[in-house]
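Read through the structure below, which is laid out as structure tokens, and then see the notes.
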Amino acid sequence: MVKLCLGTVQFGMKYGIHNQGGQPSEEACFDMLDTALGKGIRIIDTARAYGTAEIVIGNYLEYRRCHDKVEIISKLRPNVIDKDEKDIYSVVREELEDSLKRLHMSSLKGYLFHTPEYVYNEEIIQALYRLKEEKLIQNIGVSIYSMEEGFEAIKRHMDYVQLPYSILDQRGMQSNFIKAAKEAGMTVFTRSAFLQGLFMMEMDKIPPNLEHSKPYLRYFEELTKKYNKSRVELLIQFIKASSGIDYLVFGVDNKEQLLEDFMAFAEGQPIERELLNSIKEYYEQVDESIILPSLWSNGKKAE
């Protein structure tokens, strides 16, 4: 059974191609966190790279005195390890301790590599294992972009993996990675169900560099009408219909979005088999320049 995990990148910066309100105030973030906890959402995903998100969450936990009611996953700051670094453990520990201070926590439910290439570096991995042994983190993992990185995480016996997965991006299932991860005992988190809000945009608002995404989005709109589902409901119920996923990480710009997403998750109608087959067939191969936001600017991976 898929559960919800609240993503918090929007709490620390303006994020998303469809973001129209900018970064929410701390008061608005507190309101969203109150609402999430009130709906039974207990696990929160954040990262050192998400601007001030860790600070906002930490302030909330202190203000509400609810540290024991939530579980926090954060991520090692990207590209923080220099190639010539001699004491990798100390660097990773310092980064983790900084996150713990910002979050006002003594330990984390999970700590992930935000730089997926680190999954190939034995010394960095051993630093995480050592921190786990010291009980500063309960689970170690990686946030991936390619399935190859995920299969490497399986080999390294990591606990958590977070991957992009949506109607447009079904690589996790097509490659059998999600199945393999579950068989290896990993907890699977999927993100980008809304692809930064691209699914929510009107056709005349889509930027020129994503012009080639329009046929896919038009077909998606046709499906919502044919099967009488909202965009949000179809996107979320697609994730719920996909086996092997433990948590759907979803980010929101405001309380209204959070409530809409929760209702689509909790009360939306399951996807019909015919609709599911149509989605899998039509979106079988979508170009990476559409499904990977890092390629949206110029078709090349951002550094």
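Here my numbering = 1-based position in the sequence shown + 6.
Even glycine gets a Cβ: it sits at the ideal position worked out from N, Cα and C.
Using CA atoms only, rank isn't needed, just tell me which of V258, Q263, S248 is closest to N283.
S248
Specify, as a first and last residue, the run of the beta strand (DSSP E) that S80 falls within.
77-82 is the span of the beta strand (DSSP E), which, as asked, contains S80.
Where does the unbroken beta strand (DSSP E) through S152 begin, and where does it stop?
Segment: none, S152 is in no beta strand (DSSP E) and carries neither H nor E.
Run through DSSP, which three-state label would R224 get?
The three-state secondary structure of R224, taken from DSSP, is helix.
Check Y95 in the structure and name its three-state DSSP category.
helix
Whole angstroms are fine: how far does the CA of V62 sit from the CA of E32?
6 Å
Using the three-state DSSP reduction, which class does R197 fall into: helix, strand or coil?
strand
Helix, strand or coil, according to DSSP, for C35 in the structure here?
helix
How is L109 classed by DSSP in three states: helix, strand or coil?
helix
Considering only the alpha carbon of each residue, which of L281, I242, K9 lies closest to A42?
K9
Cutting at 7 Å between CB atoms, please list the residues of its own chain near V258, excluding the five before and the five after it.
Q16, M38, L264, D267
For K141, tell me which candidate among H163, E129, L102 has the shortest Cα-Cα distance.
L102
Which residues share a DSSP beta bridge with L118?
K81, G147
Quick one: give me the first and last residue of the alpha helix (DSSP H) that L267 is part of.
The residue you asked about is not Leu; residue 267 is Asp in the sequence shown. Start and end: 261-273.
By DSSP, does K9 sit in helix, in strand, or in coil?
strand
List, from N- to C-terminal side, the beta strand (DSSP E) runs of 3 residues or more that fit wholly inside the stretch 42-75.
Segments of the beta strand (DSSP E) lying fully in the stretch 42-75: 49-51.
Is the Cβ-Cβ distance between L109 and I78 less than 8 Å?
yes
Have a look at R70, N234, I143, L223 and flag the residue whose alpha-carbon is nearest the alpha-carbon of C35.
R70
Under three-state DSSP, which class holds P214?
helix
Between the Cα of Q180 and the Cα atoms of E239, P84, Y289, N145, which residue gives the shortest distance?
Of the candidates E239, P84, Y289, N145, Y289 places its Cα closest to the Cα of Q180.
Using only the alpha-carbon positions, how far apart do G305 and S295 sit?
Legend: pLDDT at G305 = 40, less than 50; position of this residue unreliable, value from coordinates given subsequently. G305 and S295 have their C-alpha atoms some 6 Å from each other.
Evaluate the contact criterion for the stretch 160-177 versus the stretch 194-202: three or more CB pairs, one atom per stretch, below 8 Å.
yes
In or out: S219 buried (at least 16 other Cβ within 10 Å) or exposed?
buried
Taking C-beta to C-beta, are V241 and F205 nearer than 8 Å?
This sequence places Leu at residue 241; Val is not what is there. Yes. Within cutoff.
Measure the C-alpha to C-alpha separation of K20 and N260 and round it to an integer number of angstroms.
12 Å
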